[in-house]
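The structure under discussion appears below in the form of structure tokens.
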Amino acid sequence: MCPNVLFQFKGVMFMELDKCLYGLPNIIDARQFDLEFLDRFFKIATDMEGVAKQGNCDLLHRKTMVQLFYEESTRTRASFAAAMIKLGGQIMFATENAKLFSSAAKGETLSDTIRVLCGYGPDVIVLRHNEDGAAEEAAMFSSVPIINAGTGKNQHPTQALLDIFTILKEVGHIDGVKIAMVGDLSNGRTVRSNSYLLGKFKGVEIDFVSPKCSMMGNDVKEYLGRHCVKFQESTDLREVAPHVDVIYQTRTQKERGSDFSRDDHSLGYFTVDKEILDLMKKDAIIMHPLPRVDEIDKEVDSDPRAAYFRQASNGLYARMALLKMILTPRA
Amino acid sequence: MCPNVLFQFKGVMFMELDKCLYGLPNIIDARQFDLEFLDRFFKIATDMEGVAKQGNCDLLHRKTMVQLFYEESTRTRASFAAAMIKLGGQIMFATENAKLFSSAAKGETLSDTIRVLCGYGPDVIVLRHNEDGAAEEAAMFSSVPIINAGTGKNQHPTQALLDIFTILKEVGHIDGVKIAMVGDLSNGRTVRSNSYLLGKFKGVEIDFVSPKCSMMGNDVKEYLGRHCVKFQESTDLREVAPHVDVIYQTRTQKERGSDFSRDDHSLGYFTVDKEILDLMKKDAIIMHPLPRVDEIDKEVDSDPRAAYFRQASNGLYARMALLKMILTPRA
Amino acid sequence: MCPNVLFQFKGVMFMELDKCLYGLPNIIDARQFDLEFLDRFFKIATDMEGVAKQGNCDLLHRKTMVQLFYEESTRTRASFAAAMIKLGGQIMFATENAKLFSSAAKGETLSDTIRVLCGYGPDVIVLRHNEDGAAEEAAMFSSVPIINAGTGKNQHPTQALLDIFTILKEVGHIDGVKIAMVGDLSNGRTVRSNSYLLGKFKGVEIDFVSPKCSMMGNDVKEYLGRHCVKFQESTDLREVAPHVDVIYQTRTQKERGSDFSRDDHSLGYFTVDKEILDLMKKDAIIMHPLPRVDEIDKEVDSDPRAAYFRQASNGLYARMALLKMILTPRA
Chain C
130 MCPNVLFQFK
140 GVMFMELDKC
150 LYGLPNIIDA
160 RQFDLEFLDR
170 FFKIATDMEG
180 VAKQGNCDLL
190 HRKTMVQLFY
200 EESTRTRASF
210 AAAMIKLGGQ
220 IMFATENAKL
230 FSSAAKGETL
240 SDTIRVLCGY
250 GPDVIVLRHN
260 EDGAAEEAAM
270 FSSVPIINAG
280 TGKNQHPTQA
290 LLDIFTILKE
300 VGHIDGVKIA
310 MVGDLSNGRT
320 VRSNSYLLGK
330 FKGVEIDFVS
340 PKCSMMGNDV
350 KEYLGRHCVK
360 FQESTDLREV
370 APHVDVIYQT
380 RTQKERGSDF
390 SRDDHSLGYF
400 TVDKEILDLM
410 KKDAIIMHPL
420 PRVDEIDKEV
430 DSDPRAAYFR
440 QASNGLYARM
450 ALLKMILTPR
460 A
Chain Y
130 MCPNVLFQFK
140 GVMFMELDKC
150 LYGLPNIIDA
160 RQFDLEFLDR
170 FFKIATDMEG
180 VAKQGNCDLL
190 HRKTMVQLFY
200 EESTRTRASF
210 AAAMIKLGGQ
220 IMFATENAKL
230 FSSAAKGETL
240 SDTIRVLCGY
250 GPDVIVLRHN
260 EDGAAEEAAM
270 FSSVPIINAG
280 TGKNQHPTQA
290 LLDIFTILKE
300 VGHIDGVKIA
310 MVGDLSNGRT
320 VRSNSYLLGK
330 FKGVEIDFVS
340 PKCSMMGNDV
350 KEYLGRHCVK
360 FQESTDLREV
370 APHVDVIYQT
380 RTQKERGSDF
390 SRDDHSLGYF
400 TVDKEILDLM
410 KKDAIIMHPL
420 PRVDEIDKEV
430 DSDPRAAYFR
440 QASNGLYARM
450 ALLKMILTPR
460 A
Chain P
130 MCPNVLFQFK
140 GVMFMELDKC
150 LYGLPNIIDA
160 RQFDLEFLDR
170 FFKIATDMEG
180 VAKQGNCDLL
190 HRKTMVQLFY
200 EESTRTRASF
210 AAAMIKLGGQ
220 IMFATENAKL
230 FSSAAKGETL
240 SDTIRVLCGY
250 GPDVIVLRHN
260 EDGAAEEAAM
270 FSSVPIINAG
280 TGKNQHPTQA
290 LLDIFTILKE
300 VGHIDGVKIA
310 MVGDLSNGRT
320 VRSNSYLLGK
330 FKGVEIDFVS
340 PKCSMMGNDV
350 KEYLGRHCVK
360 FQESTDLREV
370 APHVDVIYQT
380 RTQKERGSDF
390 SRDDHSLGYF
400 TVDKEILDLM
410 KKDAIIMHPL
420 PRVDEIDKEV
430 DSDPRAAYFR
440 QASNGLYARM
450 ALLKMILTPR
460 A
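Residue numbers (this note's numbering), protein chains in the order written: chain C, 130 to 460; chain Y, 130 to 460; chain P, 130 to 460.
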């Protein structure tokens, strides 16, 4: 076991983080997973695709989920709900915008909300929150596992898991993969979470392609340095596209203050379009966490290398796998 | 088979429409149903009243519904949920106001949202949207059936189906029925959808009663002309009330820009009140898609001819019937 | 049977109230319960704690709940949902903010909404509403039981039931209990409902502790006088704390126009903090309906006398008990 694993619970390794202790199989931070966990996760997620397509099963019969969302979401909330229901479980309570419509509007702290909800006996709480560290805080006060469904601008660990599961399925391997992360890199939590997770693998090479006003944060670059991941920075996707196995495109996070024009080519070239398609390798893929606005042209959708809708479906299988790993005793 | 039927799928006839192709038993447009479909629908909806009153059944066990609502709704959303649950199915995911709280706020197109949701494996998507044509667009990109639960100001086909089911139950026949459609006719999607559906029957006569500022659209009147439906226009319900079997009252659609005063009798007479009750035939009925504001006086509620709450209950039976027709193999 | 009981239905006594008639086991008003009902409720709620901890059961299989909330809520809505699901029932339809997102926005009356929802065949409707009297109005038009989940500034009967259940569990008795109700007393519906319910018991003594601008209403004080409950009023919790078995703290209801500074000690002393803890009896408890803002210091949480999170969990057991009493035939 790595020296910095705090403990192992039901097959989930918990790494040492400085902010809080974990006494439960919480999913908090993309850095917490080791390769043994990831290997098991990939196997179960692959099984889950079969389960999802055969129809529902009863694995989580009588298990209940609370969805506590302080930020809007379609796909994350829907895919967790679908995952729970496909496995025979139930959504006990879901709030789409806890900030506006719940006791948070009356000034309640997250820790109080978590303690109260735990008293109602759910089996797992799925949390989305606008503040960094919210999942750690929730985990400190929760008597049931917390799954981080996106917090602040830093972490979205279940997205990272479905993303590398997609790379494995589509490219065939993660070790040695060459990936371009493109767009609004300073504000996108998916590219940060993915970088943390890719740092676990060997021989990964990352090209960060962004305007200078939204480059990947130094903390992530330092993390990659410590984990021997080669990375380069660029402002022109056309230079990078011919060499990579994966183009991971992202949306401009206007709700986090980002704003730059893709049409202003003095900033660089960040749109996936016909020109980029023509430059890409024949067996490379295009990923996107979605929602997309205009950063991938519609005409790209019909190209077989456009993997983003398949990636979204992998979100269902990945979340089914996580729920199975967290909520059922290890066989 | 009529020459303009594109194809038949699980007993649902799909008529030729110019906007899109249908590969699934979608419910998109009140014009798509033929008399054979309607006859089958009426029989199943009648059965469903019995099923609903006996308690739940397991017909749709393990089937799941997504409710994607870009506009607010109480009764349509609740009745689809009730229909699904009464038949043993489940709501996988529901959003009350997708425009505000989902990825639409981040600029995602409807077609992307539909493709992602389909990847989560629902059996049917119920869509309400503020734009005309949204259901057609959704159907083009969906791998599961789409049910139009109200789009733009044009279509509300499941409301039209429950409305003519109500006429059949209450009046005893649809051929030859005399119906007054009253109120804000230019903006109400129910009166438009109903007109389309009534155009399938023989000998129907329609009186459109509205202020001059909100008359029924020419497109509907042309459609009725082509289908040999007699119609007249009026501004005074008192002249029409004595002759009709059904008064179909509607609400002023303030959220679509309509505004006229019912008290300004220079515009006409559009309120169903005691005066109108006294003019009506003894076996006529008053319908309303609800919600009602002030266009039917409260004192009318206790009259046995007030059919609008019975009509709302028929909404449950109609939607149960549609779900059965779409989601179960034809016996 | 007491002379002012209107009727008994499935073991629930309905007392004479002047506003409306009850034909169903509605939970409308904290005054409606007699001691026989309360005794049965306490026994069932105690059983329900065991049921909740063992996992779900099938007692309410095929039963459905509508949650019609015109005001935001986390804990009341979540605990009713949890109670229904723990007992094997289902949520048919829930709306988080009916005022904004439902047909109420189009001007529909509560009575119309209730009549329509009843047509969809739920087994019970849980209502939260901003107006006093809303639950009585709903009950008049409903064909299924209504549970008042908080209306106006007057009534929150299920909170009152869980609160006295908490006193019974924690203190061991309700007769003779000495309780301080603290904070924004003129606007808090829990302290009003609790006062009504405590008036049923013998030897209860209440200290109302509030700033002069938010004293308990005269109607409640007159009710207590008629029911021989001793009460006093104070502006300083430090004087009261040493003598009471229960400190029932409440939040300033800013959404109802209340605003006073706890730091302005010319108004009095209303915060539960270390100073108050040191004054309290060793076996006294601190309750709070939650959410809390700053009226109980965080440092109080770790004291064993801090009963408010246990009280929240009792909300689950109390609501399970009520659903069992309303929805199952009496054994």
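Glycine residues also receive a C-beta, built at the ideal position from the N, C-alpha and C atoms.
Remember, it's a predicted structure, so these values are computed and weren't measured experimentally.
Notebook entry, point to check: If the cut is a Cβ gap below 7 Å, which residues of chain C does G184 (chain P) touch?
Noted result: The answer, in chain order, is R191.
Margin query: For T381 (chain Y), tell me which candidate among Y:T400, Y:N443 and Y:K331 has the shortest Cα-Cα distance.
Written below: Distance from the Cα of T381 (chain Y) is smallest, within the candidate group Y:T400, Y:N443 and Y:K331, for Y:T400.
Check: When the cut-off is 7 Å and only beta carbons count, does G262 (chain Y) lie next to chain C?
Finding: Against chain C, the CB of G262 (chain Y) has no partner CB under 7 Å away; the residue lies outside that interface.
Next item on the list: Pick helix, strand or coil for Y398 (chain P), following the three-state DSSP scheme.
Entry: Reduced to three states, the DSSP call for Y398 (chain P) is strand.
Notebook entry, point to check: Residues of chain Y with CB under 7 Å from D241 (chain P), in chain order?
Noted result: Going along chain Y in sequence order, the residues near D241 (chain P) (Cβ under 7 Å) are L419, P420 and R421.
Margin query: Here's a check: name, in chain order, each residue in its chain whose Cβ is nearer than 6 Å to the Cβ of N443 (chain C), leaving out the five neighbours to either side.
Written below: Excluding sequence neighbours, N443 (chain C) sits near L291, F294 and T295.
Check: Got a sec: is the Cβ-Cβ distance from F222 (chain C) to anything in chain P below 7 Å?
Finding: Output row for F222 (chain C): interface = yes.
Item checked: L150 (chain Y), DSSP secondary structure in three states -> Here L150 (chain Y) scores only 38 on pLDDT, less than 50, and its place in the model should not be relied on; the value that follows carries that caveat. Three-state result, L150 (chain Y): coil.
Checklist line | Within-7 Å CB hit, Q219 (chain Y) to chain D | finding: This model lacks chain D altogether; the protein chains it does include are C, Y and P.
Check: If you compare alpha carbons, which of C:R206, C:H258, C:L408 and C:V273 is closest to E200 (chain C)?
Finding: Comparing Cα-Cα distances from E200 (chain C) to each of C:R206, C:H258, C:L408 and C:V273, the minimum goes to C:H258.
Checklist line | Other residues of its chain near M72 (chain Y): CB distance less than 8 Å, five sequence neighbours each side excluded | finding: Residue coverage of chain Y in this structure runs from 130 to 460, which leaves residue 72 (chain Y) outside it and unanswerable.
Check: Between V273 (chain C) and the rest of its own chain, which residues show a CB-CB distance below 8 Å, the 5 nearest in sequence each way excluded?
Finding: Cβ-Cβ distances below 8 Å link V273 (chain C) to L153, C247, P251, D252, V253 and I254 in the same chain, with the five nearest sequence neighbours on each side left out; the list follows chain order.
Note to self: Measuring only the C-alpha atoms, how far is V245 (chain C) from L406 (chain C)?
What the structure shows: The straight-line gap from Cα to Cα measures roughly 51 Å.
Note to self: Can you confirm whether S390 (chain P), when its beta carbon is compared against all beta carbons of chain C, has any partner nearer than 7 Å?
What the structure shows: Not a single CB atom of chain C sits nearer than 7 Å to the CB of S390 (chain P).
Check: Is the distance from the Cβ of N283 (chain Y) to the Cβ of D313 (chain Y) below 7 Å?
Finding: By the CB criterion at 7 Å, N283 (chain Y) and D313 (chain Y) fall outside the cutoff.
Next item on the list: May I have the straight-line CA-CA distance separating R280 (chain P) from P371 (chain Y), to the nearest angstrom?
Entry: It should be pointed out that residue 280 (chain P) corresponds to Thr in this sequence rather than to Arg. Looking at the two C-alpha atoms, the distance is approximately 44 Å.
Notebook entry, point to check: Going by Cα to Cα distance, which pick from C:D412, C:Y352 and C:E384 is closest to K307 (chain C)?
Noted result: The residue with the shortest Cα to Cα distance from K307 (chain C) is C:D412.
Check: Given 8 Å as the limit, is there contact between the segment 164 to 171 of chain P and the segment 416 to 436 of chain P, that is, 3 or more CB pairs closer than that?
Finding: No: the two stretches stay apart, fewer than three of their Cβ pairs being nearer than 8 Å.
Item checked: Contact set between R206 (chain P) and chain Y, taken where Cβ atoms lie within less than 8 Å -> Ordered by position in chain Y, no residue passes the 8 Å Cβ test against R206 (chain P), which lies about 14 Å from the chain.
Notebook entry, point to check: Is the Cβ of F399 (chain Y) closer than 7 Å to any Cβ of chain P?
Noted result: By the rule that beta-carbons nearer than 7 Å mark a contact, F399 (chain Y) does not touch chain P.
Margin query: Against chain P, which members of the segment 241 to 260 of chain C pass a CB distance test of less than 8 Å?
Written below: Of all residues in the segment 241 to 260 of chain C, D241, T242, R244, V245, L246, G248, Y249, G250 and P251 have a Cβ within less than 8 Å of some Cβ in chain P.
Margin query: Do I157 (chain Y) and E116 (chain Y) count as a contact pair if the criterion is CB distance below 7 Å?
Written below: An answer regarding residue 116 (chain Y) cannot be provided, because it is not within the stretch 130 to 460 covered by chain Y.
Item checked: Under the three-state DSSP convention, the category K350 (chain P) falls into -> Helix.
Next item on the list: Could you tell me the distance, in whole angstroms, from the CA atom of E368 (chain C) to the CA atom of T175 (chain C)?
Entry: Distance between the alpha carbons of E368 (chain C) and T175 (chain C) is about 34 Å.
Checklist line | For R421 (chain Y), the nearest candidate out of Y:L297, Y:A441 and Y:L396 (CA to CA) | finding: Of Y:L297, Y:A441 and Y:L396, the residue nearest in Cα terms is Y:A441.
Check: Run through DSSP, which three-state label would E237 (chain C) get?
Finding: When DSSP states are grouped into helix, strand and coil, E237 (chain C) belongs to the coil group.
Note to self: Between G312 (chain P) and chain C, is the shortest Cβ-Cβ distance under 7 Å, so that the two count as touching?
What the structure shows: It does not: the Cβ of G312 (chain P) has no partner Cβ on chain C nearer than 7 Å.
Notebook entry, point to check: Given a threshold of 16 other Cβ atoms within 10 Å of its Cβ, counted over all protein chains shown, does D336 (chain P) qualify as buried or as exposed?
Noted result: Burial call: buried.
Checklist line | Chain-order list of residues whose beta-carbon lies under 7 Å from that of I173 (chain C) (same chain, five-residue window excluded) | finding: Cβ neighbours of I173 (chain C) within its own chain (closer than 7 Å, five residues either side excluded): A450, K453 and M454.
Margin query: Quick check: what's the CA-CA separation for K427 (chain P) versus S363 (chain P)?
Written below: Going from the Cα of K427 (chain P) to the Cα of S363 (chain P) covers about 24 Å.
Note to self: Per the DSSP calculation, L406 (chain Y) is bridged to which residue(s)?
What the structure shows: Answer by DSSP bridge pairing: none, since L406 (chain Y) is not bridged.
Notebook entry, point to check: Helix, strand or coil: which one does DSSP assign to I157 (chain Y)?
Noted result: Coil at I157 (chain Y), not helix or strand.
Checklist line | Identity of the residue in C:T457, C:D423, C:R439 and C:L419 nearest T242 (chain Y) by Cα | finding: Closest in C-alpha terms to T242 (chain Y), from the list C:T457, C:D423, C:R439 and C:L419, comes C:L419.
Next item on the list: Would you kindly report the start and end of the unbroken alpha helix (DSSP H) that includes G281 (chain P)?
Entry: Here G281 (chain P) belongs to no alpha helix (DSSP H), and DSSP marks it neither H nor E.
Notebook entry, point to check: Mind checking whether A277 (chain C) and S387 (chain C) have CB atoms under 7 Å apart?
Noted result: For clarity, residue 277 (chain C) is Asn in the given sequence; the question names Ala instead. In this structure, S387 (chain C) does not lie closer than 7 Å to N277 (chain C) by Cβ.
Notebook entry, point to check: Straight-line CA distance for Y249 (chain Y) to G184 (chain C)?
Noted result: The alpha-carbon atoms of Y249 (chain Y) and G184 (chain C) are separated by roughly 11 Å.
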